[in-house]
Structures are given as C-alpha cells and as structure tokens.
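Protein chains in written order, with the working numbering: chain R, 20 to 545; chain E, 20 to 545.
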C-alpha cells in the first residue's frame, strides 16, 4: 500500500463521475486482467490517482447499487431494494445536495432511477419546475438520460442522432445498435446471445459508448471555465452483449477466462444459489458455447470503453481541466458470465459485488493503491467534501475518501455489507417464498465472507484458503465460531443503522436534556 | 380468555379513538387496580367491548409511541425515535389514509406531532391548503389541537375559553390550570411537585380533561347522522401533576401503592438504568415525600378521566351512536411514579411500556378479555378495516384486531418489541455516548423480557418468577440459552423489517421475472 507524501495544493472545481454498467473489476489491467485484454487508458487513470482494490457495491443489482451511489446510503436505508423500485419521497440524492449549494449535477447516460409519483400524490406534494426535474431524475439535471437496453422513445436525442446518421427504420436501437446481419445478410437480434459474436450494424463512432463520450466531450468543452459536475454513465458492457466492429472480433474464445465454477455448486449448493442457477441466463452460461461466445464480446466492449476513456481524458487535458477535476471511475456491479454457474449479477460472489473504483483527486498524490474496504456509498461524501459542501452526516452512511487520499488516513471500516432482495426474481417462485421474505445479507471482512439468508442456513467462504469461493463452509462445524462472530458483526451493524434522518447530531445535542432551556418545562422538580 | 359467540350484525360508521397521556394500565379497575381508586366508567367500556391485557407501546415516550399509533409502524420504520423528531416526509398517518378514502380524522387534544418542514424545503415540495393541514398536523384535521404542558398561544381556543370564564392574567394555563394558592393565599406553580397536593385554581368544569370532553360532546352532537372519526387525546394524567378540586384530595398518601423498587437496582443496576436514575425526576421520586404527594394526585387525575369517560359515553348513548361507533381507549405509555427508582417513563419496565387497550366494536360480542400480545401499531389497521378501507400492508406493520374481536382468531404474534433512543436525555451525557449510539431494544414474550443495549450487556427478566422485574438476570450464566434465543428472535425480527414501502406485494408479484412480459427484454436467451 502506498500513501501520499506531499499532495499538490489544488482545488477541485469540477466532478467527472464515470460509471460503467456491469463491469467486472478483473477485466481491467490495473485490477489484474491477464491475457489479451489490456486497458491502458483506465490503467493510466489509476496511475494518476488512487486505485481501491477492495471496493464493493451495497447490492449487485443496478437499482439498489445506483441508489446507494447516488444517495450515499445502504439499501436498507434508501429502501430501493431492487430495480425500478421507486425512491421514497423523503430521500435526497447527490444532485439534490449539489442543488442545495447552488450547483447542479448533469447527467449523460443511465441512472435506472424511478421516482415515486404515487408517493407524491398520496401526500399532495406539488413541485415547481426546477424541483420537478430533480424529483423525476433522482437529483440529476439530464443533458441526455439514456438507460439503454430498450428501444428509445421518439424524442430521444440518441435516436434522432442515429436516424440523422442514416440508420433507417422505426427501431434504430433494435435494428442497428444491438442488431447484426448473419452470414446470409439477414437481420438478427442481439437479444439472442447466439448472435453475440456478430458485429453490431451500428458503426463504432455511432455506438452507445462512443456517442455518450462525444456528448461528454461536447459538454466539458462548452463549460469553458465555469465549474461543472457530470455523471457520465455508460450502459456498457451490460447486455445485450453486442459490440461494433472492430471490438466484436478483437478477442476470441481462447482469450476468455474459463468460468470459475465447481460441480459441487450444482449438486450441493445453497438453496438460493441453486434457485439462481435455474434462471435462464444461468442455464445458458452453464453451456460452454455460450460463455465462449459472450465473454470475448464482453471483453471487446470493455476495450471500447477503455479507448473512449482515453479519448475523454485527452480532451480533459486539452481543456486544462486535469488540475481542477475530481474524476471517479467505477461500476454499479459486475457480471458472472458463467462463474458459479450463474449469468447476470445479483448474489454475493466477488465477480458481482466487487467493482473497480479509481479516484483521481488533483489535490492528492498520484499512484495510490489502497486495500481499505470502500463502498459505493462513499462517493457522495467524497464528492461533497471535495466541492466544499457540508456532508449531512445524519443521512450519509458512507465515508469521504479524501482523508485517505490527501492525508493517508486509513478508512474507519473493517468490513463491507451487501444485501439482496430476490423477491422480484424467479428464484423466489422456485423457492416458494413470499415477496417480503427474500432478503439476503453479506458481510465480508479481510478473510471471510458470511451470507445470512432469511429462512435458510447461512453461507461462509474463507477467502484466504478459497479466494474463488468454491467451497461453502456454511455448515462446517469447525467454523461455527467464525459464523457466530460474523453474524454478530452483521447484526450489530444492522441494529445500529441510523434511523433518525430528520434531525442532525448537532440538533440532538442541542435538544439533549433541554426541556427547561428550550421549552420552559420542568420535569420532576420537587 | 373469552371469545365471542354470535357477534351482532352491525356496521362501524364512526370512530372514537381516545388516548390518555402517561396512564398506567394498573390504575384502572378493569386492569386490576386495588384500593381506593375505582374506574367504573372505563370498566364499563371494557365490559361492552374487549380488554387486551397484554397491550404494549413500541416505545415508552410520547413521540415515537404516538407516531406508531398514528402510522401503524414501528419507530425503526417511521424514524421518529424521540419527542419532537420531525416525521420524515414520506410517512403516512391514519388521517392520511382516511383522507384517501374521502373521510377525515378530527382531532381534539394532543398529538405531539412535528412536521418535517425542512424536509419539504429540501425537496422543493409545495402544498395545497388541504394537504398542508395534513402535513402540519400528522394527517389530522384539528378541531382543537392542545398538546398541553406549556402556556398556550394567544389564539388557542382553550386559552380564550379560560379568559372568557374569568381566569385573568396573561398566562391562564400557568396561573390557573397548573397553578394553586398556598396556605397563605400566595400563587404557587404546579411545575414544582411539592405543590402537587394543592388544588388547581381552575374549576373542575374548566380543567383540561373536562374541557376536551365537552368539546368532544359538542362535536359528536353536531355531526348528527353524518359519519365521523375523532381522536380525543387527553393530556392527563401527564405532568404537571395538578388536579382540580375535588380530585386533588380524593386520595391520600396511604391510598397510593408503594413504589416497586429494590436497593439492588441502585447499586448494581444496569448502566443505562442507573443513568436514568440520575435524572432529576428519578431522584425526586426516590424520596418518599415525593411519591406520597404525587401518586394521590395522579390517582385523582385518573379518576377525573374516568368520570369524563362516563359523561362522554352517556352522550354517545343518547345520540344513538353506541351501535355504529368503534371506540378505542388507550394510552401512549405509562408513568413510573418512583417504580424502579425512576420518574417519568421511557425505559422498558412494565409500568411504562404496558398500556390499557380497550376496543368496543359494535360488530363484536361484548365482554371479551384477551391475552394476545397487541401493540399500538394495531390501531391503524383495526380502524381502517372497521371502516372498510384497504390496509396498505407494505407500509402497515400492525395487525388488525377485528379477526380476534369478531371471529375469535388469535393474533399471529408471540412477542412484542420495544425500542428506546435515549440520545436526547441526560442519560447519554452521564454515559458519555454519541447521539447515534443510544438505542435499546426490548423483546417480551409470555415469560421473558430481554433488553438489548447498544454498547452494553443485555438485561433479562423472568416475568414468571419475577413479575415485578426486580431481579435482572442479564448476566446469570444459567439463562445464557434464554438470552441467546431472545436475542436471535429480536434480531430475526429486526432483519426482517419490510424496507420496501413504495411498492406493494401485489406489485412485486406482478413484476416478478417479468422482464419480457413488461419490458420486452430478454435476459440470457441463447
């Protein structure tokens, strides 16, 4: 672990918060990717800043993870337990905090955010135009929201762009962005993974990753010297697994890592794990032809992102913004791609819950590498502190990374916590459970990963002996003391969650034992 | 335990939800009060309806308990952990649910409710006039809000009433309602318990309990045959302990029960218990002259409430409303009055957390007595179901009592849970703790009461052997298995709280594995 020596005396004026969707940490060079896939531009980012080797999301699903990234709170607190669960109307996001300080947080790309319109109606809350946008968009000011993975609405700028570039038909995304032509020249859909290896019909310069990067470059250029904050949120390498040329063929089946999995997981796996193995994506990825087709395309999509990061950073340098811009590069979760006989994400194995997190703080020394446990909830307090905005500590559950980056102070955290609500998945039906009894919890420390399931025995992995998590020790009698200790830590953590969000600690202190001082009330005076 | 046989076929059209403040269950005849204090009118209420012998509040403090009564949710969920903590802007109260069904919930008396105005501003939410009242008043439509225990604002109707009745001066509440004249004719304040035994200067017919009852009678009379719902919320027998004649002298020191306490609690009590013993009210009530002065006045205040309940019920009968009105009679918590070397309430001993709960359901058989564990969160679903309004089960954590009352179905609950946030009390300062590490939890089942404290060893009471809770078994090695079991039950309960409040179970089921059906998305198809 390296720590900074003399950090440069610079002030952060801008924020570039880059998120990839479904990007595994181990597919980046700086996180140890091996073989054909290199990511020199992202590696360079890490060299200029700090790489966090133990960065975890609070839940390996877009909705809860992103809501944690945007609110600085755990899913148990923000209550968006799965995709498209509306955000309760009392929650505040990073963009709301920036708005409170007279700034705004622009958005290019995906958020997956769903406002709780019904909640607004139940209370009779009305909104001014300015407040309405923040309500509808999770605090963001969208330059262009683009959630990906479905055909775009008629007024979508990217759709208009594609039509203007000559991609014909009513469904340019379906036909060109994820569409291919087969050997006979017939159109085939990227929704089917058997077509993954075919190139997208869209040209590379018009594909999702490049298009969003271009918009970001336009935005940064247009700001000139005016301070800005931008969330550049790529949809890739998220499915549909479809890359434009030349990325579709940059890697072959033999370049792909073989899935990490063991037959024992199929026959004797945990009931919830086995239920997840019955999902279609898991059954598909269990077949060699599937991962051998899809993994190379996934690698190509990562390579494309790396190239675009290079292009973006070159623009940032050219605009003179390297010295006053805080850059955060991360992902909302990983992708199993067949590991543990699973497709997609969710669950608690490392390929899903561990993410890349690179922070380039111009006021910190370059080349930092940290083993501290960091969580996606740390982004909000880090950004707020970097911009000199007070962190509302009675709401924010994350920790600012600036003391670590600028002063070498280790983070006050010895474990990370994850959660999963599988109520919305077929796994619930396979297991015959009700919608409100499908919660799993993960506690991971330097050695063990403990998973507590509602209604089932726990799981335990010894990451020292078994870094690939192939040997579930959830019922190993020898490790009963470890499970008990881990469970107690998890429970202590859960029971200590801050429930009080409508008064700050300072307000509590002000009101402590203050009946007489504040209210002229005497209690118990003889 | 008695169960109904053939319930009368009646429909509930009106709701009379009566709450007393700080009323111990054991001071009512039907709950076993002995000696001089009888409560024939409240006893009659129980005879006409159902008495729940094991009714508990979720927290023995006004704020969190009332918020549970009004939201149907535990403090861990509604997040009003102590008095005057603003209610988060996403919470809904009973009056809001009634408003959603075109009804309203009128208020006479106390709620202790504080809206989260800052939360409204942070989000930019604006309110129409109708919604504003519900926001400001916790869903109620105030006929007259009267929180008691401080001098009233200039426009308070009760203040105007007192002035019109000839109670002079600028501070009629201070001077007359809680003021007395001493032996020399000099005015003395009811804030000092040494004056408790003196009669209030206010006449009984103008005192708080009687005044509020009169307003309730006016309201019910004015409704005629129009359906109504009223929360009649007495401030008494809450401090200041001051009764009007003749109630001030109806009982003497020898009529009062001797406080339940043991010297061991002072010397070897739990650290949090001992910190509470250092509060001024506890130190006062530890002195015999204090409880011997105050307890008789408290009894007088209870007696006055009983007489006023008699008057109110006579009016209800005269108006023909007995047959279509659901009556709920309860309290927000009890009062230690020196028990366990404590004054006031809070903590988890039975005199504070157990409350009277009488439900008169005209559609249920009379004379029911139940030992089911019921909680204050059960009132909201009971009222909603009685009025034919759908219970939003993804929000409401209580259970409707109607299946018990009307069909003899035992409640599906084997324990009650309480919580306490002592961050606002001097106890926190005595213990040197921070505002966010002051939570205690109680789990009580048919035999044991287990208390889990943040940062301290637990407490355990065997209520079979030790119903007075004088022998803390928190460190008794023989009961380690019991503590472990209770802790696990408590933790299981806590970990299973429903976090998802913005989607119903039906919505979850609708969206389960529905990517393709609802969004035309294929995940993992080869």
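Every residue gets a Cβ at the ideal spot worked out from N, C-alpha and C, and that includes glycine.
Which residues bound the alpha helix (DSSP H) around residue i?
{"i": "residue 308 of chain E", "result": "307 to 337"}
{"i": "residue 229 of chain R", "result": "227 to 242"}
{"i": "residue 290 of chain E", "result": "290 to 296"}
{"i": "residue 148 of chain E", "result": "148 to 155"}
{"i": "residue 62 of chain E", "result": "59 to 67"}
{"i": "residue 178 of chain E", "result": "176 to 183"}
{"i": "residue 303 of chain R", "result": "299 to 304"}
{"i": "residue 76 of chain E", "result": "Here residue 76 of chain E belongs to no alpha helix (DSSP H), and DSSP marks it neither H nor E."}
Is residue i helix, strand or coil by DSSP?
{"i": "residue 39 of chain E", "result": "strand"}
{"i": "residue 82 of chain R", "result": "helix"}
{"i": "residue 33 of chain E", "result": "strand"}
{"i": "residue 120 of chain E", "result": "coil"}
{"i": "residue 537 of chain E", "result": "helix"}
{"i": "residue 268 of chain E", "result": "helix"}
{"i": "residue 355 of chain R", "result": "coil"}
{"i": "residue 480 of chain R", "result": "strand"}
{"i": "residue 138 of chain R", "result": "helix"}
{"i": "residue 528 of chain R", "result": "helix"}
{"i": "residue 22 of chain E", "result": "Unreliable positioning characterises residue 22 of chain E in this predicted model, as indicated by a pLDDT of 49, which lies under 50. The coordinate reading is nonetheless provided below. DSSP places residue 22 of chain E in coil when its eight states are reduced to three."}
{"i": "residue 402 of chain R", "result": "helix"}
{"i": "residue 250 of chain R", "result": "strand"}
{"i": "residue 380 of chain R", "result": "coil"}
Measuring straight from C-alpha to C-alpha, what distance separates residue i and residue j?
{"i": "residue 197 of chain R", "j": "residue 263 of chain R", "result": "9 Å"}
{"i": "residue 218 of chain R", "j": "residue 287 of chain R", "result": "39 Å"}
{"i": "residue 222 of chain R", "j": "residue 161 of chain R", "result": "25 Å"}
{"i": "residue 446 of chain E", "j": "residue 73 of chain E", "result": "29 Å"}
{"i": "residue 342 of chain E", "j": "residue 226 of chain E", "result": "30 Å"}
{"i": "residue 215 of chain E", "j": "residue 209 of chain E", "result": "6 Å"}
{"i": "residue 291 of chain E", "j": "residue 525 of chain R", "result": "22 Å"}
{"i": "residue 251 of chain R", "j": "residue 149 of chain E", "result": "41 Å"}
{"i": "residue 239 of chain E", "j": "residue 379 of chain E", "result": "17 Å"}
{"i": "residue 21 of chain E", "j": "residue 392 of chain E", "result": "Unreliable placement is indicated for residue 21 of chain E, whose pLDDT of 47 sits below 50; the coordinate value is still reported in the next sentence. Residue 21 of chain E and residue 392 of chain E: Cα-Cα distance of roughly 15 Å."}
{"i": "residue 97 of chain R", "j": "residue 96 of chain E", "result": "12 Å"}
{"i": "residue 490 of chain E", "j": "residue 469 of chain E", "result": "13 Å"}
{"i": "residue 236 of chain R", "j": "residue 331 of chain R", "result": "6 Å"}
{"i": "residue 353 of chain R", "j": "residue 534 of chain E", "result": "20 Å"}
{"i": "residue 184 of chain R", "j": "residue 231 of chain R", "result": "15 Å"}
{"i": "residue 472 of chain R", "j": "residue 77 of chain R", "result": "16 Å"}
{"i": "residue 23 of chain R", "j": "residue 84 of chain R", "result": "Because the pLDDT at residue 23 of chain R is just 47, under 50, the model does not fix this residue reliably, and the value given afterwards should be weighed accordingly. Their Cα atoms are separated by approximately 30 Å."}
Counting along the chain, where does the beta strand (DSSP E) carrying residue i start and finish?
{"i": "residue 163 of chain E", "result": "160 to 164"}
{"i": "residue 470 of chain E", "result": "467 to 472"}
{"i": "residue 393 of chain R", "result": "387 to 394"}
{"i": "residue 410 of chain E", "result": "Note, residue 410 of chain E: premise wrong, no beta strand (DSSP E); not H, not E."}
{"i": "residue 95 of chain E", "result": "Counting along the chain, residue 95 of chain E falls outside any beta strand (DSSP E), though it belongs to the alpha helix (DSSP H) covering 94 to 97."}
{"i": "residue 206 of chain E", "result": "206 to 208"}
{"i": "residue 53 of chain E", "result": "Unbroken run through residue 53 of chain E: none, as it is neither H nor E."}
Quick one: does residue i have its CB under 8 Å from some CB of chain A?
{"i": "residue 247 of chain E", "result": "Of the protein chains in the structure, R and E, none is chain A."}
Quiz item: Does the region 324 to 336 of chain E come close enough to the region 483 to 501 of chain E to have 3 or more Cβ pairs within less than 8 Å?
Solution: Not touching, per the Cβ criterion.
inquiry  = Is it the case that the region 403 to 416 of chain R contacts the region 514 to 522 of chain R, given that we only count it when at least three CB pairs across the two stretches are under 8 Å?
reply    = Counting Cβ pairs under 8 Å, three or more are found: they touch.
If you pair each beta-carbon of the region 64 to 82 of chain E with each one of the region 282 to 300 of chain E, do three or more pairs fall below 8 Å? Contact fails: fewer than three Cβ-Cβ distances are below 8 Å.
| Would the region 368 to 388 of chain E and the region 309 to 323 of chain E be scored as touching if the rule is three or more Cβ pairs under 8 Å? | Because the criterion of three Cβ pairs below 8 Å is not met, the region 368 to 388 of chain E and the region 309 to 323 of chain E do not touch.
- Query: Per the contact definition of three or more C-beta pairs closer than 8 Å, is the region 265 to 278 of chain R in contact with the region 152 to 160 of chain R?
  - Reply: Result no; under three Cβ-Cβ pairs closer than 8 Å.
Exercise. Which residue spans inside the region 426 to 461 of chain E form an unbroken alpha helix (DSSP H) run of at least 4?
Worked result: DSSP runs (the alpha helix (DSSP H)) wholly in the region 426 to 461 of chain E: 445 to 450.
For the structure I just gave you, are there three or more beta carbon pairs, one from the region 132 to 139 of chain E and one from the region 94 to 105 of chain E, closer than 8 Å?
Because the criterion of three Cβ pairs below 8 Å is met, the region 132 to 139 of chain E and the region 94 to 105 of chain E touch.
When you compare the region 424 to 432 of chain E with the region 488 to 501 of chain E, are there three or more beta-carbon pairs, one atom per stretch, that lie closer than 8 Å? No, because fewer than three Cβ pairs between the region 424 to 432 of chain E and the region 488 to 501 of chain E fall closer than 8 Å, the two stretches do not touch.
Determine, using beta-carbon pairs with one atom in the region 302 to 312 of chain R and one in the region 342 to 361 of chain R, whether at least three such pairs fall under 8 Å.
Three or more beta-carbon pairs drawn from the region 302 to 312 of chain R and the region 342 to 361 of chain R are found closer than 8 Å, and the two stretches are therefore classed as touching.
Assess contact between the region 30 to 43 of chain E and the region 253 to 262 of chain E, defined as three or more Cβ pairs (one per stretch) separated by less than 8 Å. Is contact present? Touching, per the Cβ criterion.
Practice problem: Evaluate contact between the region 499 to 517 of chain E and the region 428 to 445 of chain R, counting only Cβ atoms and requiring at least three cross-stretch pairs below 8 Å. | Solution: Fewer than three beta-carbon pairs drawn from the region 499 to 517 of chain E and the region 428 to 445 of chain R are found closer than 8 Å, and the two stretches are therefore not classed as touching.
Practice task
Check whether the region 104 to 115 of chain R touches the region 445 to 464 of chain R, taking contact to mean three or more Cβ pairs, one atom from each stretch, closer than 8 Å.
Solution key: Output reads no: the region 445 to 464 of chain R does not touch the region 104 to 115 of chain R.
Problem - Entirely enclosed alpha helix (DSSP H) segments - the region 482 to 518 of chain E, minimum 4 residues - result: Segments of the alpha helix (DSSP H) lying fully in the region 482 to 518 of chain E: 499 to 514.
Exercise. Counting pairs of Cβ atoms below 8 Å between the region 401 to 409 of chain R and the region 116 to 127 of chain R, do you hit three or more?
Worked result: Yes, the region 401 to 409 of chain R is in contact with the region 116 to 127 of chain R.
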